[in-house]
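Counting in numbering that gives the first Met the number 0, the sequence shown tops out at residue 90, every number present.
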Amino acid sequence: MKAATLFLAVGMAAMVGIASAQTANPGAPYRKACQNDMKSFCPSTQGGRSMVMCLRANHDKLGSECQKALDQLPAQPTPGPAPAPAAPPQH
């Protein structure tokens, strides 16, 4: 009985982990489509946002599958002006 409960608990934890990984990083599918392009055009770039920015900067040079995968990613927000400083506390 304990073995069955442990097996069930481990299985459920694995499924939750997989689901969390898929929702936590929705851009991950571009990595497979862009694997060769990442090595060719962005070899020294670290992953994540920096990699996406590098690939987008080289969009016209990328393979068609990588271009399609990047086009599916949400647009990166353009940095706006810095927020105004907080008002000093009034006494």
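Using N, Cα and C, we set each Cβ at its ideal position, and we do this for glycine too.
Limits of the alpha helix (DSSP H) - the one that residue i falls within
i	result
Leu54	Arg48 to Ala56
Asp36	Gln34 to Phe40
Gln66	Ser63 to Gln71
Helix, strand or coil at residue i [DSSP, three-state]
i	result
Pro28	helix
Proximity below 7 Å, CB of residue i to CB of residue j
i	j	result
Leu69	Tyr29	yes
Ala32	Cys53	no
Minimum Cβ-Cβ distance from residue i to chain C less than 7 Å
i	result
Ala74	Structure shown: chain C not included; a single protein chain is present.
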